[in-house]
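The numbering of the sequence shown is the numbering used here, which starts it at 3 and goes up by one.
Every residue, glycine too, gets a C-beta built ideally from N, C-alpha and C.
Take a look at the structure set out below.
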Amino acid sequence: MKKTFPLISVLAACVASATPAVAHAQSWTSWTLPGACPGTTVIGTLGTTAVAITTSTGTIAGVMSASGAACGGLAPFSTSAPNPPYNFWSPSAPYGAMAPSNPGMVQFVGPIRTTITFASAVVNPLIAFNSLGNLTGPEAVTLTFSDPFSVLSDNTTSAGYWGTGTNSVVGNSLTGNEFSGLLRFNGTFTSLTFETTNVENWSGFTVGAESTVPEPSTYALMVTGLAAIGVAARRRKRHAQTPQ
């Protein structure tokens, strides 16, 4: 019996290490400045997962990296500015406890149709928006998404970088008047698409996720560990029933 308990403990530790981590919602993409800006493609990393944004209509107007360096329409706010780096996700109140953890963002002015592709599946992807639509235009901007979503937080009462705004949701469409806030797509995804026919004054967004899906090898390790624990438990039971 003294030999069995340590074995079970070791195996249990293996299972625990192989079990998918609980979602922390603090994983946000670090964008890489593209060679051409404006352009139609930008890539980044979300933890260890590669993320790509491609447009089939319109262009990406600007990109800001995690360090604050920027190109295109965001270049004036880069680390060469008087007070670098600008962080459009501050104040963080419109994004709650899950606010983007770096200043990186992708800027668009529309009309645009863009696809976000994850190299490996992610669970509950997040999109944070900054200044979608304009209160003074009056130019509301409507984005239609490929999948249902929830608005987790917004700037209706708590001001973001550009102040407060409003938003409304109908089906898979979000309409924003100076909307800054956080959307969540419940489920496991390898891609998301959104589009708008509106001409935007200035909008930025970034992509996050609550967790990534473990690789098949991780599941295999977990299953093997559970099976080994079962075998060890049965051996311990037989040993206890054997007359001494």
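Original post:
Which residue or residues does DSSP assign as beta-bridge partners of residue 197?
Top reply: By one-based count along the sequence shown, residue 197 stands at place 195. Looking at the DSSP output, residue 197 bridges to 115 and 146.
Subject >> residue 247 - DSSP class collapsed to helix/strand/coil >> reply: In the structure as shown, the chain starts at 3 and stops at 246, and residue 247 therefore has no counterpart that could be examined.
Subject >> 9 Å Cβ cutoff met for residue 188 and residue 151 >> reply: The residue given as residue 188 occupies position 186 in the sequence shown. The residue given as residue 151 occupies position 149 in the sequence shown. Against a cut-off of 9 Å, the Cβ pair of residue 151 and residue 188 comes out as a contact.
Original post:
Using CA coordinates, which residue listed in 74, 198, 58 and 54 is at the minimum distance from residue 142?
Top reply: Along the sequence shown, one-based indexing puts residue 142 at 140. Answer by Cα proximity: 198.
Original post:
For residue 78, which three-state DSSP category applies?
Top reply: To locate residue 78, count along the sequence shown from 1; it is residue 76. Residue state, collapsed to three classes: helix.
Subject >> residue 46, buried or exposed, once every other Cβ within 10 Å from all chains shown has been counted against 16 >> reply: As a working mapping, residue 46 is identified with position 44 in the sequence shown. Flag for residue 46 reads buried.
**OP:** Answer yes or no: do residue 144 and residue 195 have a C-beta to C-beta separation smaller than 9 Å?
**Re:** By 1-based counting over the sequence shown, the position of residue 144 is 142. By 1-based counting over the sequence shown, the position of residue 195 is 193. Taking 9 Å as the Cβ cut-off, residue 144 and residue 195 do not qualify as a contacting pair.
Subject >> Same chain, Cβ closer than 6 Å to residue 210, five either side skipped, listed in chain order >> reply: Here residue 210 is taken as the residue at index 208 of the sequence shown, counted from 1. So the qualifying residues of the chain are 29, 30 and 128.
Original post:
Do you know how far the Cα of residue 108 is from the Cα of residue 69?
Top reply: Residue 69 sits at position 67 when you count from the first residue of the sequence shown. Residue 108 sits at position 106 when you count from the first residue of the sequence shown. In a straight line, the C-alpha of residue 69 is about 14 Å away from that of residue 108.
Subject >> 8 Å contact criterion, which residue 90 and residue 163 should meet: CB distance rounded >> reply: Indexing the sequence shown from 1 puts residue 90 at position 88. Indexing the sequence shown from 1 puts residue 163 at position 161. The pair is a contact, with the Cβ atoms about 5 Å apart (cut-off 8 Å).
Subject >> Three-state secondary structure assigned by DSSP to residue 55 >> reply: Residue mapping note: residue 55 aligns to position 53 of the sequence shown, counting from 1. Strand.
**OP:** May I ask whether a heavy atom of the ligand FMN can be found less than 8 Å away from the beta carbon of residue 64?
**Re:** Only the bare structure without any ligand can be found here, which leaves the ligand FMN out of the picture.
**OP:** Go to residue 175, then tell me how far its beta strand (DSSP E) extends in each direction, as first and last residue.
**Re:** Along the sequence shown, read from residue 1 onward, the residue named residue 175 stands at position 173. Here the beta strand (DSSP E) through residue 175 covers 175-179.
Original post:
Just to confirm, are residue 206 and residue 131 a CB contact at a threshold of 9 Å?
Top reply: As a working note, residue 206 is residue 204 in the sequence shown. As a working note, residue 131 is residue 129 in the sequence shown. For the pair residue 206 and residue 131, the CB atoms are nearer than the 9 Å cut-off.
**OP:** Would you kindly work out how many angstroms separate the C-alpha atoms of residue 79 and residue 138, rounded to a whole number?
**Re:** Reading the sequence shown from its first residue, position 77 is the one you call residue 79. Reading the sequence shown from its first residue, position 136 is the one you call residue 138. Cα-Cα distance, rounded: 22 Å.
Original post:
Which residues in the same chain as residue 134 place their Cβ atom closer than 6 Å to its Cβ, once the five residues preceding and following it in sequence are excluded?
Top reply: Position 132 of the sequence shown, counted from the first residue, corresponds to residue 134. Correct list, in chain order: 143, 178, 181 and 205.
Original post:
Closest by CA to residue 40, which one among 77, 49 and 175?
Top reply: Translated into positions along the sequence shown, residue 40 becomes position 38. Considering only alpha carbons, the answer is 77.
**OP:** Determine the extent of the beta strand (DSSP E) in which residue 154 is found, giving its start and end residues.
**Re:** Here residue 154 is taken as the residue at index 152 of the sequence shown, counted from 1. Taken as a continuous stretch (DSSP letters only), the beta strand (DSSP E) holding residue 154 covers 152-156.
Original post:
Exposed or buried, residue 193, counting other C-beta atoms within 10 Å across all chains shown (16 or more means buried)?
Top reply: Counting from one through the sequence shown, the residue named residue 193 turns up at place 191. Residue 193 counts as exposed, since fewer than 16 other beta carbons sit within 10 angstroms of its beta carbon.
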